[in-house]
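Reading through the structure tokens given below for one structure.
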Amino acid sequence: MLRHCCTTYLDLPGVQAIVYAADGRDEQGVVAEKYPFLKYASQQVLHHADAAALAVPQDDFLSQFFASAGISMINFFERHKTRRYGVHATPLYVLADKGLGNLIRTQLKKESAAYVPQQRYEYPFFAALANGHKSAVAALLGLSSTTCDGVDIIDGFKYKQDLTNYKGRTPLSWAAQEGRLSIAKVLVEAGADVNEIDRYGGKPLLLALEYDHTAVARLLIENGANINIQDDNGCTALLRAIRDGREIIARFLIENGANINVQDDNGWTALMWTSQKGDGAVAELLIENEADVDVVDNNRRTALLWASQYGHKTVARLLIKNGADVNAQDDNGWTALLRALQYEHKAMARLLIENGVDINFRDSDGWTALIWALERGYKAVARLLIEKGADINVQDDNGWTALMWALEEGHELEAQLLIENGADVHVRDNNGRTALTWASQKGYEAVAQLLRHSIGKAA
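Oh and the sequence shown: position 450 is 450 in full-length UniProt numbering, straight run, nothing missing.
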């Protein structure tokens, strides 16, 4: 009866004329004086319809109300701009915002609770949740109440205060992000797509794992979430977990069938990420689960090359033990040994030398490991290379030998070491200079004397 009275009043020609007035010059006070029942009718008609819906179907009323000027009437008496509904507001969004659970059940027969552009809460679900409308939340989720299995799914939720970071999210991606397991469970049971992508590109599983909500992640996986789904950078949940140092989550994903060898947009695998991070336990876990130790990234770097660059001996030793190619080259012509020397990891260099690396391999500039070691001043590494049979007379693209590099960098002791081990003192660089020329120019008299002695012996 009350709903009928309100509807009849709202349908008066004069009322309709006010709502449709193009200039909008009628003020609320003037209108209220002329139509004293209008404010009540426009603000309460839906509430009366919601109450009546328990006994009388409201399908026709809803269709007529929203097809006419229903939303405009509600907006007319709303003082706060943020609470007014925009042109894209749907009937379901308005009903959710008002907390009208019975009418929501009616409207759901012909409208889905989809994203509503340019509205404050974007989704009917968020509108209901923000305003603490439990009956509306339950209706939208297809429940008789918000209590499921003896637990209130929004228990402790402080509505607007707790509804944060929802912009751009779907109800499920938000629940995953916030770790709202009960809500996520109900949404999934109600048919939410576990592999959906929200407006920000977020995916429920990746969001759950990013924020350490393992229980939600497990729920999603058990309900068909693609465990190997990738973000905009090609990262899967496993790659993210390893990148961020989350070993427990990484183990969880591997145990649930994550692709060990998937590559991101850089071509990096989980093992490459681990090699950069230096996590031996995770590296061992990956290898035990058949990670490819020799796959290459976009720059043709292997996991061993990465481990060598960062000086992670434990990971490198594990890779070598499991058959990693110690002589693999990246697209710059660098091997693991050259990387180790370039980045000043002497211990890593020793490990590689002791495990059969090609010590005479030359980079794109013609440098060998021995030249690199001497250029850096690593006498112990240089001695080890010499002991392992390194070619001490090889010349780089400028014709410089290891001896010349030692002299150029001021490493007199290393120069003496080379001479004592049979360095060719007669060889000339591309400019015709010998080692003696270098020593004399640098003022290394002791080395020059040793060179003269060697030259004399050779003569």
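Glycine included, every Cβ here is placed at the ideal spot set by N, Cα and C. Since we're looking at a predicted model, the values are computed, not measured.
- Look at valine 151 here: in three-state DSSP terms it is strand.
- According to the DSSP assignment, asparagine 261 belongs to no alpha helix (DSSP H), since it is labelled neither H nor E.
- Between the region 147 to 167 and the region 203 to 215 there are fewer than three C-beta pairs closer than 8 Å, too few to call the two in contact.
- Using a Cβ-Cβ distance cut-off of 8 Å, the region 45 to 58 and the region 93 to 104 are in contact, since at least three pairs of beta carbons, one from each stretch, lie closer than that value.
- Per DSSP, reduced to three states, the secondary structure at histidine 48 is helical.
- Using a 10 angstroms sphere on the CB of alanine 324, the tally of other CB atoms reaches 16 or more, which defines it as buried.
- In terms of Cβ geometry, asparagine 228 and valine 188 do not form a close pair [threshold 8 Å].
- Within the same chain, Cβ atoms closer than 8 Å to the Cβ of aspartate 59 are found at Thr106 and Lys109, the five residues on either side in sequence being excluded.
- In the three-state scheme derived from DSSP, where H, G and I count as helix and E and B as strand, tryptophan 438 is classed as helix.
- Restricted to the UniProt repeat "ANK" (167 to 199), not a single beta strand (DSSP E) segment is unbroken, complete and at least 3 residues in length.
- In the structure shown, the three-state DSSP call for aspartate 365 is coil.
- By the beta-carbon neighbour count (other beta carbons within 10 angstroms, threshold 16), alanine 215 is exposed.
- Close CB contacts of alanine 328 within its chain, under the 6 Å cut and outside five residues either way in sequence, are with Thr302 (chain order).
- In the three-state scheme derived from DSSP, where H, G and I count as helix and E and B as strand, asparagine 102 is classed as helix.
- Selection Thr314, Ser112, Pro117 and Val137 evaluated against lysine 98 yields Val137 as nearest (Cα-Cα).
- The beta-carbon distance between glutamate 409 and glutamate 445, rounded to whole angstroms, is 17 Å. This is too long to meet the 8 Å contact definition.
- Around the beta carbon of tyrosine 123, 16 or more other beta carbons lie within 10 angstroms, which makes this residue buried.
- Restricting attention to Asn421, Ala435 and Glu420, the CA atom closest to the CA of valine 427 is found in Ala435.
- Looking only at Tyr211, His213 and Ala176, the smallest Cα-Cα distance to asparagine 195 is reached by Ala176.
- Rounded to whole angstroms, the gap between the alpha carbons of histidine 80 and glutamine 118 is 16 Å.
- Approximately 13 Å separates the beta-carbon atoms of aspartate 231 and tryptophan 268; this is outside 8 Å, ruling out the contact.
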